[in-house]
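Protein chains: 2
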Amino acid sequence: MISKKKAPNHVDNNNQEYSTDEYYIKRCLELAVKGYGYVSPNPLVGCVIVKKGNVLSEGYHKEFGSNHAEVNAINSALSKKKDVKGSTMYVNLEPCSHFGKTPPCTDKIIESKIREVVIGTIDPNPRVKGKGAAKLKKAGIKVRTGFLEQECKEVNKFYFKHIKTGLPYITIKLAQTIDGKIADMEGNSKWISSPESRKFVHELRSKYDAVLIGKNTLEKDDPELTVRHVQGRNPYRAVIDKNLTPDLNKKLFSDGYTDRTIIISSEVADAFLEKIFLERKIKLLTAKLKDDNIDLKDALKKMGKLGINSILVEGGAYTCTEFLKQKLVDELLIFMSPKLMGKGLSSFIPENQMELSRKPVIESINMGNDVLIKIKL
Amino acid sequence: MISKKKAPNHVDNNNQEYSTDEYYIKRCLELAVKGYGYVSPNPLVGCVIVKKGNVLSEGYHKEFGSNHAEVNAINSALSKKKDVKGSTMYVNLEPCSHFGKTPPCTDKIIESKIREVVIGTIDPNPRVKGKGAAKLKKAGIKVRTGFLEQECKEVNKFYFKHIKTGLPYITIKLAQTIDGKIADMEGNSKWISSPESRKFVHELRSKYDAVLIGKNTLEKDDPELTVRHVQGRNPYRAVIDKNLTPDLNKKLFSDGYTDRTIIISSEVADAFLEKIFLERKIKLLTAKLKDDNIDLKDALKKMGKLGINSILVEGGAYTCTEFLKQKLVDELLIFMSPKLMGKGLSSFIPENQMELSRKPVIESINMGNDVLIKIKL
Chain A
1428 MISKKKAPNH
1438 VDNNNQEYST
1448 DEYYIKRCLE
1458 LAVKGYGYVS
1468 PNPLVGCVIV
1478 KKGNVLSEGY
1488 HKEFGSNHAE
1498 VNAINSALSK
1508 KKDVKGSTMY
1518 VNLEPCSHFG
1528 KTPPCTDKII
1538 ESKIREVVIG
1548 TIDPNPRVKG
1558 KGAAKLKKAG
1568 IKVRTGFLEQ
1578 ECKEVNKFYF
1588 KHIKTGLPYI
1598 TIKLAQTIDG
1608 KIADMEGNSK
1618 WISSPESRKF
1628 VHELRSKYDA
1638 VLIGKNTLEK
1648 DDPELTVRHV
1658 QGRNPYRAVI
1668 DKNLTPDLNK
1678 KLFSDGYTDR
1688 TIIISSEVAD
1698 AFLEKIFLER
1708 KIKLLTAKLK
1718 DDNIDLKDAL
1728 KKMGKLGINS
1738 ILVEGGAYTC
1748 TEFLKQKLVD
1758 ELLIFMSPKL
1768 MGKGLSSFIP
1778 ENQMELSRKP
1788 VIESINMGND
1798 VLIKIKL
Chain B
1428 MISKKKAPNH
1438 VDNNNQEYST
1448 DEYYIKRCLE
1458 LAVKGYGYVS
1468 PNPLVGCVIV
1478 KKGNVLSEGY
1488 HKEFGSNHAE
1498 VNAINSALSK
1508 KKDVKGSTMY
1518 VNLEPCSHFG
1528 KTPPCTDKII
1538 ESKIREVVIG
1548 TIDPNPRVKG
1558 KGAAKLKKAG
1568 IKVRTGFLEQ
1578 ECKEVNKFYF
1588 KHIKTGLPYI
1598 TIKLAQTIDG
1608 KIADMEGNSK
1618 WISSPESRKF
1628 VHELRSKYDA
1638 VLIGKNTLEK
1648 DDPELTVRHV
1658 QGRNPYRAVI
1668 DKNLTPDLNK
1678 KLFSDGYTDR
1688 TIIISSEVAD
1698 AFLEKIFLER
1708 KIKLLTAKLK
1718 DDNIDLKDAL
1728 KKMGKLGINS
1738 ILVEGGAYTC
1748 TEFLKQKLVD
1758 ELLIFMSPKL
1768 MGKGLSSFIP
1778 ENQMELSRKP
1788 VIESINMGND
1798 VLIKIKL
């Protein structure tokens, strides 16, 4: 499927060569990720329109509910008085063919007399899934599909997981010492990770729809879970509180972002709490119990229904271990710091040995004095 | 110092470009490492002789006590009836100018009428340290020094540590789960690391002069500590046994390689043990005590005097922690396996928090399903 035509400038920083088609799909991905944090539960999409070897225009999906990437690219060309008729459109994900918040992209493409559409990967959304490509073909547009598919799926891993399963993509993030401790016996953990790692965590928060902690972490750390060390929007901040006994003085319930706070509980609020939650715009999500604990899968399904595509689980040990035991985790991000803790709190507390995955995909990146280990399960 | 002259073929697999000088020094390093495990306590040295852009011959130091790399390269040219007169010699370490096991290399170089010598890095050995280069210059040979110095020092990191401090280069190696455990509560650890990691450990053993364990590990695991999964020579196998109460049935004391076994103790052998050690060629090294434990630094100095340049410490937790506490460690190699142990033995057991290094150099490599984290302290 991949065009063998190569242009000399189609080489990236790692000296990898790309075909012309791959080159433009790669550009689509660069545009797509500009929407990180703002388009969910929609996918990240970028679009490039090319005519006779020249880029006429570019576009990306900027915000949930607003124009899709394809429409933005076409409009951008029009605003520059450039004629897209006979051009080739590159897009990392199949154009939609249904009415959602906006009209179908396929109609706009057909209407614009674009000659050819090159698609990174098919949209697994049952409302699209090949129908977009078929509609374009039926209108006489040449369609080619399957360029940098792995990269296209990786960029939209949150969307793919959610659309296929209804569940958000779950990443556990933790910072530990070499001897596997996340805090000292008093629960102090500030000492562990490097400034670079902490900054990166804020970047992650700006990309994930929600961060999640257990009640122990709330009580001990009283975290803000906001994005401060980088530019970006705050995620939802979810806390598991089975018996619904929130300390309303904690930051999650009293700072300026309480409209971004979600409590996951098996209980419903009494009149007093209900009034406060309403005032402070705190969301309460009632989940089933399983073995007298919150049924995490049920909670995740309900979060998925709220349009939450992705959750960054930020501990502590009990919560992280439960997610792993219930096989709900897609990815682990472990910041390893070249320190020893000795006595302290373990990163995980399973009762039994656990093989996390038969074929994990492991990657590691230096981050200041730490190493970040990424494990896809 | 680095020549800017570039040849188009001087590009390595990572697309890094090298000057012509660097290119040949790189080749010297490739030759040098063929001596791994056999030349210690001598350094690893490779040599290339080039005349009018053509390689006349190559050589490396193959075995302790045998000809040095420079002499091997000159002899190789002579055996092919090639005239080295007027040629350029490349060598990763400064040629020696003193009588050791063999005559000085400088004499042979001068006698061969080589025109120019290009040296990777100066030999820190006080008996050489610039004297080799000076002697060559005095004889009218052009000498240039300082090419790929960092790589040259890295290849001979064992030699450099030993020659500068009298102590061997110390590397701690361990395999642990993500939650920082090296074995279950019964001490079983077979489950932890991947076949690729275990094979790599055998490669390490073939390169290090000695491996070292504590008495607990000897008792629990009865390890062989030999090189089996790869080709290579067996290292010395050192075990710390403070009170000198060896179980003579253990493999280290009874297998076919007891001449490669060293016991480190504060006690001297009684007549019975002395006889057995003599029969089995087991070495006993008597070290001082410090706070009622073996003074590790004293033991290491004595191992250094035996010509042991490098030691791979293979645990357990008590021994590894002691080495770190006494600040005797140069490098940590941690094989992280994507598994959780839960209850089990910790990789390290310090009483207090420890920052291992202010500026550690961290590198990480995928190894089968594991990640190998290298930390230079």
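Protein chains in written order, with this note's numbering: chain A, 1428 to 1804; chain B, 1428 to 1804. The C-beta atom is built at its ideal place from N, Cα and C for all residues, glycine as well. Bear in mind the structure is a predicted one, so any value in this text is a computation, not a measurement.
Three-state secondary structure assigned by DSSP to residue i
i, result
"Ile1733/B", "Rather than Ile, the amino acid found at residue 1733/B in this sequence is Leu. Residue state, collapsed to three classes: coil."
"Lys1580/A", "helix"
"Phe1750/B", "helix"
"Leu1637/B", "Checking the displayed sequence, the identity of residue 1637/B turns out to be Ala instead of Leu. Ala1637/B falls in the strand class under three-state DSSP."
"Leu1456/A", "helix"
"Phe1677/B", "Per the sequence shown, residue 1677/B should be read as Lys rather than Phe. Residue state, collapsed to three classes: coil."
"Thr1598/A", "strand"
"Ile1690/A", "strand"
"Ala1665/A", "strand"
"Thr1653/A", "coil"
"Lys1489/A", "coil"
"Lys1738/A", "Residue identity differs from the one stated: residue 1738/A is Ile in this sequence, not Lys. The answer is strand: DSSP assigns Ile1738/A an E or B state."
"Lys1728/A", "helix"
"Ala1610/B", "strand"
"Asn1615/B", "coil"
"Ser1624/B", "helix"
"Gly1462/A", "helix"
"Ala1696/A", "coil"
"Arg1587/A", "The sequence given here has Phe at residue 1587/A, not Arg. DSSP places Phe1587/A in helix when its eight states are reduced to three."
"Gly1559/A", "helix"
"Tyr1533/B", "The sequence shown places Thr at residue 1533/B, not Tyr. Helix, per DSSP."
"Arg1632/B", "helix"
"Lys1433/A", "Since pLDDT at Lys1433/A reaches only 43, below the 50 mark, its modelled position is unreliable, and no value is offered."
"Met1428/A", "Its pLDDT being 37, under 50, Met1428/A is placed unreliably by the model, and nothing is read from it."
"Thr1644/A", "helix"
"Glu1538/A", "helix"
"Tyr1684/B", "coil"
Strand pairing of residue i, partner residues [DSSP]
i, result
"Ser1484/A", "Ile1476/A"
"Asn1670/A", "Note: Asn1670/A sits in no beta bridge, so no partner."
"Asn1716/A", "According to the sequence shown, residue 1716/A is Leu rather than Asn. Paired residue(s): Ile1721/A."
"Thr1572/B", "Ile1546/B"
"Met1516/B", "Ile1476/B and Val1544/B"
"Gln1658/A", "Note: Gln1658/A sits in no beta bridge, so no partner."
"Lys1710/A", "Ile1689/A"
"Glu1758/B", "Thr1598/B and Lys1803/B"
"Thr1604/A", "Ser1764/A"
Listed by chain order, chain B residues near residue i by CB distance under 8 Å
i, result
"Gly1607/A", "Gln1603, Thr1604, Ile1605, Asp1606, Gly1607, Lys1608, Ser1773 and Ser1774"
Which listed residue (the options) has its alpha carbon closest to that of residue i
i, options, result
"Leu1520/A", "Val1582/A, Arg1542/A, Tyr1596/A and Leu1675/A", "Val1582/A"
"Lys1724/B", "Tyr1463/B, Ile1597/B and Phe1574/B", "Ile1597/B"
"Leu1505/A", "Glu1538/A, Ile1590/A and Phe1526/A", "Glu1538/A"
"Asn1552/A", "Lys1580/A, Ile1667/A and Ile1452/A", "Lys1580/A"
"Glu1497/A", "Glu1490/A, Lys1507/A, Glu1485/A and Lys1508/A", "Glu1485/A"
"Val1477/B", "His1488/B, Ser1503/B and Asn1469/B", "Ser1503/B"
"Phe1704/A", "Phe1680/A, His1525/A, Leu1767/A and Glu1613/A", "Phe1680/A"
"Lys1528/B", "Gly1492/B, Ala1561/B, Ile1501/B and Thr1644/B", "Gly1492/B"
"Met1516/A", "His1525/A, Ile1546/A and Gly1464/A", "Ile1546/A"
"Thr1748/B", "Lys1728/B, Phe1775/B, Ala1726/B and Glu1758/B", "Phe1775/B"
"Val1511/B", "Gly1480/B, Lys1558/B, Lys1708/B and Ile1735/B", "Gly1480/B"
"Tyr1487/A", "Tyr1463/A, Ser1467/A, Asn1469/A and Ala1459/A", "Ala1459/A"
Residue i: contacting residues in chain A (beta-carbon distance under 7 Å)
i, result
"Ser1784/B", "Pro1765"
"Pro1777/B", "Leu1767 and Gly1769"
"Met1781/B", "Lys1766 and Leu1767"
Where residue i meets chain A, residues with beta-carbon distance less than 9 Å
i, result
"Asn1796/B", "Ser1784, Arg1785, Lys1786, Pro1787 and Ile1789"
"Leu1751/B", "Leu1767"
"Ile1761/B", "Ile1605 and Met1763"
Residues that residue i contacts on chain B, provided the C-beta gap is smaller than 9 Å
i, result
"Leu1755/A", "By Cβ distance, chain B contributes nothing, its closest Cβ being about 15 Å from Leu1755/A, past 9 Å."
Proximal residues of chain A, C-beta to C-beta of residue i below 8 Å
i, result
"Asn1793/B", "Ile1789, Glu1790 and Ser1791"
"Ile1597/B", "Those within 8 Å of Ile1597/B in chain A number zero; the least Cβ separation is about 16 Å."
"Asp1611/B", "Gln1780"
Chain-ordered chain B contacts of residue i [CB-CB under 7 Å]
i, result
"Ile1802/A", "Pro1765"
At which residue ranges does the region 1762-1804 of chain A contain complete beta strand (DSSP E) runs of 3 or more residues, listed in the order of the chain? 1788-1794 and 1797-1803
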